[in-house]
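Per this note's numbering, the very first residue in the sequence shown carries number 171; after that it's consecutive.
Following: one structure in structure tokens, then a few remarks.
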Amino acid sequence: MHCSISGEVPGEPVVSKRSGILYEKRLIERHISEYGKCPITGEPLTMDDVVPVETGKIVKPRTVQTASIPGMLGMFQNEWDGLMLSNFALEQQLHTARQELSHALYQHDAACRVIARLKKERDEARSLLAQAERQVPMFTSEAVTANASVLSNGKRAAKDDDLAQPGKRIRPGISASIITELTECNAALSQQRKKRQVPPTLAPIDALERYTQLSSHPLHRTSKPGILSIDIQYSKDIIATGGADATAVIFDRPSGQIASALSGHSKKVTSVKFVGEGEFFLTGSADKTVRVWQGSEDGNYDCRHILKDHTAEVQAVTVHATNNYFVTASLDNTWCFYDLSSGLCLTQVADTSKTDGYTSAAFHPDGLILGTGTSEAVVKIWDVKSQANVAKFEGHVGPVTAITFSENGYFLATAAHDSVKLWDLRKLKNFRTLNLYDSDTPTNSVEFDHSGSYLGISGSDIRVYQVGSVKADWNCIKTLPDLSGTGRATCVKFGPESNYIAVGSMDHNLRIFGLPEDEAPVES
């Protein structure tokens with residue numbers, strides 16, 4: 171007699187009263203507790219319906235196969251054969267899985283290549299579309315000019331294009347509605363500035379005096395080292411760098427990870443700018459182009475526009491306070507005013523004086539004044555509404571490498587080969603000159619912090635000054651060494667509330683200076 175569930179001779183046999191079927195007691199108990207019915211007939215069954223069968227306790231039951239040595243050997247042989255067959259089946263499944271995985275990897279690689287090609291074609295198509303959109307006003311103006319040039323006697327007059335400068339395009343100009351928008355923004359920001367106070371969370375002077383290097387991040391290629399520009403988006407605490415390797419890198423400082431690497435330029439990236447706290451990002455390059463990138467939720471950036479209005483290296487990109495417009499400055503001796511959403515160049519302003527082009531540019535915090543630095547050591551102040559040069563500052567030696575306006579709206583700091591000069595915009599004069607380095611060491615960058623309380627300068631080292639006034643001293647409160655070993659700190663930028671300082675040098679590393687963790691202030 172065998173158990174109807176296990177097929178083996180039961181050790182504790184029991185019989186169902188209802189069906190008379192034999193079971194192993196422990197097996198039928200478990201089945202009844204789980205299902206409450208007979209496993210064979212499916213009828214309801216309880217343990218009260220099960221009757222134990224008494225057997226001899228002296229000799230335990232054995233199966234026929236285990237009753238003899240030949241039977242046991244046969245059983246072992248069957249087990250071995252089953253094991254071998256199972257092992258062979260597993261090896262076949264493993265071989266099939268490997269082939270499927272290899273095929274899937276090849277498909278994934280091919281799909282990635284197709285996606286990359288499609289993205290490239292999409293970017294090229296967007297570039298062509300943006301270029302066509304920028305040329306529409308030019309074509310319209312040319313058509314009007316052509317119709318107007320026909321005289322009443324049937325002879326054609328000289329075309330305006332024949333009289334214009336070679337390669338100069340017709341621009342739609344800054345409209346009255348845009349000028350109104352810029353003026354309203356200026357009025358609102360000026361009113362806010364009168365009530366502005368230094369935020370209580372700003373890093374104090376004694377904290378900056380203890381700043382040291384916290385981390386160093388290799389963001390760019392070692393084959394073409396050099397970080398040429400830095401910008402920070404304060405709300406997300408992400409840092410953008412432009413490198414000599416023709417790439418821009420978006421770095422997430424809290425996580426210490428690269429969020430995105432933007433390639434597309436063919437030469438070094440000279441300027442990078444976030445557009446406010448939004449999703450747009452701008453890069454200017456020595457390849458004469460400016461690219462407008464748009465970020466997505468996953469942290470990637472897609473190129474929206476490729477702007478090719480300059481004929482020489484683009485040296486600077488600066489964003490207007492409305493975050494709807496931006497200006498680019500180039501060595502071709504022009505600066506362009508763009509509409510961000512369309513990528514359209516509204517006006518391109520050429521300097522009539524004989525200069526070798528612009529090397530730096532920055533908007534005043536209120537947005538109606540634009541400052542530019544030239545390669546001939548001259549700082550020029552422009553009225554954005556009329557695009558007129560309203561002031562010139564002279565006195566530097568060598569190209570003006572950087573220009574920055576203080577948040578208070580009164581001070582302008584400029585850096586050149588010789589020194590850093592501080593200008594009072596109310597009286598349009600230089601009130602202080604900081605001679606920091608020897609004649610062979612240029613000053614590469616100068617930057618006010620967002621509160622207007624500190625001034626950062628980079629050259630052969632990095633120096634932080636406390637902002638004073640026209641008469642009060644501007645004291646150097648911290649000097650940070652250039653740890654790159656190149657002797658050229660190219661750019662400096664204060665983090666949110668000046669809680670850290672980001673520095674780029676002529677190696678491929680971004681360096682973060684701040685308070686060590688054991689000295690960092692604890693929020694209450």
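Note that beta-carbon positions come from the ideal geometry of N, C-alpha and C, so glycine has one too.
Opening and closing residue of the alpha helix (DSSP H) in which residue i lies
{"i": "Glu351", "result": "346 to 364"}
{"i": "Ser203", "result": "195 to 205"}
Own chain residues within Cβ distance below 6 Å of residue i, not counting five before or after
{"i": "Leu384", "result": "Ile682, Gly684"}
{"i": "Ala316", "result": "Only weak support is given to the placement of Ala316: the predicted model assigns it a pLDDT of 43, under 50, and the value that follows is read from those uncertain coordinates. Around Ala316: no qualifying Cβ."}
{"i": "Arg391", "result": "Asp415"}
{"i": "Ala334", "result": "Residue confidence for Ala334 is low, a pLDDT of 37 falling below 50, so the modelled location carries little weight; the figure read from the coordinates is stated next. If we look at Ala334 and ignore the five residues flanking it on each side, it has no Cβ neighbours."}
{"i": "Ile476", "result": "Ser297, Thr459, Arg461"}
{"i": "Gln160", "result": "In this structure the chain extends from 171 to 694, so residue 160 is not present and cannot be described."}
{"i": "Ile632", "result": "Leu650, Ala659, Val662, Val673"}
{"i": "Asp293", "result": "Cys473"}
{"i": "Ile191", "result": "Ser174, Ile210"}
Between the CA atoms of residue j and residue i - distance to the nearest angstrom
{"i": "Ile348", "j": "Pro342", "result": "12 Å"}
{"i": "Ser545", "j": "Thr353", "result": "31 Å"}
{"i": "Val662", "j": "His273", "result": "49 Å"}
{"i": "Gly543", "j": "Tyr381", "result": "31 Å"}
{"i": "Ser322", "j": "Ile340", "result": "Here the model assigns Ser322 a pLDDT of 36, short of 50, so the residue's position is not dependable, and the following value carries that caveat. Near 26 Å, if we compare the C-alpha coordinates of Ile340 and Ser322."}
{"i": "Trp505", "j": "Ala532", "result": "11 Å"}
{"i": "Pro183", "j": "Trp250", "result": "30 Å"}
{"i": "Gly665", "j": "Gly674", "result": "13 Å"}
{"i": "Asn600", "j": "Pro569", "result": "17 Å"}
{"i": "Ser630", "j": "Ser654", "result": "10 Å"}
{"i": "Leu650", "j": "Ile551", "result": "32 Å"}
{"i": "Asp401", "j": "Leu264", "result": "52 Å"}
{"i": "Met441", "j": "Phe496", "result": "A small correction: the amino acid at residue 441 is Ser; Met does not occupy that position in the sequence shown. The alpha-carbon atoms of Ser441 and Phe496 are separated by roughly 13 Å."}
{"i": "Ala558", "j": "Ile375", "result": "40 Å"}
{"i": "Pro388", "j": "Phe421", "result": "11 Å"}
{"i": "Met171", "j": "Gln262", "result": "40 Å"}
{"i": "Gln247", "j": "Ser174", "result": "25 Å"}
{"i": "Ser393", "j": "Glu351", "result": "46 Å"}
{"i": "Ser430", "j": "Val419", "result": "6 Å"}
{"i": "Arg287", "j": "Ala267", "result": "30 Å"}
{"i": "Val220", "j": "Val185", "result": "6 Å"}
{"i": "Ser621", "j": "Tyr276", "result": "54 Å"}
{"i": "Leu271", "j": "Glu204", "result": "41 Å"}
{"i": "Ala259", "j": "Gln269", "result": "16 Å"}
{"i": "His490", "j": "Gln361", "result": "17 Å"}
{"i": "Phe507", "j": "Asp279", "result": "42 Å"}
{"i": "Leu510", "j": "Thr453", "result": "13 Å"}
Where the beta strand (DSSP E) containing residue i begins and where it ends
{"i": "Asp631", "result": "631 to 636"}
{"i": "Asp588", "result": "Taken as a continuous stretch (DSSP letters only), Asp588 belongs to no beta strand (DSSP E), as it is neither H nor E."}
{"i": "Asp553", "result": "549 to 553"}
{"i": "Asp472", "result": "471 to 477"}
{"i": "Ile375", "result": "Segment 375 to 378 is the alpha helix (DSSP H) holding Ile375; no beta strand (DSSP E) there."}
{"i": "Ala499", "result": "495 to 500"}
{"i": "Lys562", "result": "558 to 563"}
{"i": "Gln518", "result": "514 to 520"}
{"i": "Ser695", "result": "Because the chain here runs from 171 to 694, residue 695 falls outside it and cannot be looked at."}
{"i": "Arg658", "result": "Run containing Arg658: none; DSSP gives neither H nor E here."}
{"i": "Gln485", "result": "484 to 489"}
{"i": "Arg681", "result": "679 to 684"}
{"i": "Thr603", "result": "599 to 604"}
{"i": "Gly543", "result": "539 to 544"}
Chain-order list of residues whose beta-carbon lies under 7 Å from that of residue i (same chain, five-residue window excluded)
{"i": "Ser176", "result": "Glu194, Leu197"}
{"i": "Ile202", "result": "Leu215, Thr216, Met217"}
{"i": "Lys591", "result": "Gly565, His566, Thr584, Asn600, Thr603"}
{"i": "Gly657", "result": "Ser630"}
{"i": "Asn493", "result": "Val445, Gly446, Gly448"}
{"i": "Gln403", "result": "Phe444, Glu447"}
{"i": "Arg596", "result": "Tyr580"}
{"i": "Ala373", "result": "Glu667, Ser668, Asn669"}
Spatial neighbours of residue i in its chain, beta-carbon cut-off 8 Å, leaving aside the 5 residues before and after
{"i": "Asp332", "result": "At Asp332, the pLDDT of 37 sits below 50, so the modelled position is not reliable and the matter cannot be decided from this model."}
{"i": "Glu303", "result": "Ser512, Gly513, Leu514"}
{"i": "Tyr471", "result": "Ile420, Ser430, Leu432, Phe451, Trp463, Gln464, Gly465"}
{"i": "Ser311", "result": "Bear in mind that the predicted position of Ser311 carries a pLDDT of just 44, short of 50, making it unreliable; the figure below should be weighed with that in mind. Excluding residues within five positions, the ones whose Cβ falls inside 8 Å are Ile340."}
{"i": "Leu359", "result": "Ala491, Pro535, Asp536, Gly537"}
{"i": "Ala313", "result": "Note that Ala313 scores a pLDDT of 45, beneath 50, so its modelled location is shaky and nothing firm can be said."}
is_contact[residue i, chain D] using C-beta, thresh 7 Å
{"i": "Leu398", "result": "No chain D appears in the structure shown, which is made up of a single protein chain."}
Distance cut-off 6 Å: residue i Cβ against heavy atoms of the ligand FMN
{"i": "Cys355", "result": "As for the ligand FMN, it is missing from this structure, which has no ligand bound."}
Below 8 Å, can you find three or more Cβ-Cβ pairs linking the region 365 to 377 to the region 404 to 412?
no
Pairs of beta-carbons, one from the region 575 to 589 and one from the region 610 to 630, closer than 8 Å: are there three or more?
yes
Can you find at least 3 beta carbon pairs, one from the region 478 to 492 and one from the region 457 to 464, that sit closer than 8 Å?
yes
At what residue ranges does the region 381 to 466 contain a whole run of the beta strand (DSSP E), taking only runs of 3 or more?
382 to 388, 397 to 403, 408 to 413, 417 to 422, 427 to 433, 439 to 444, 450 to 455, 460 to 465
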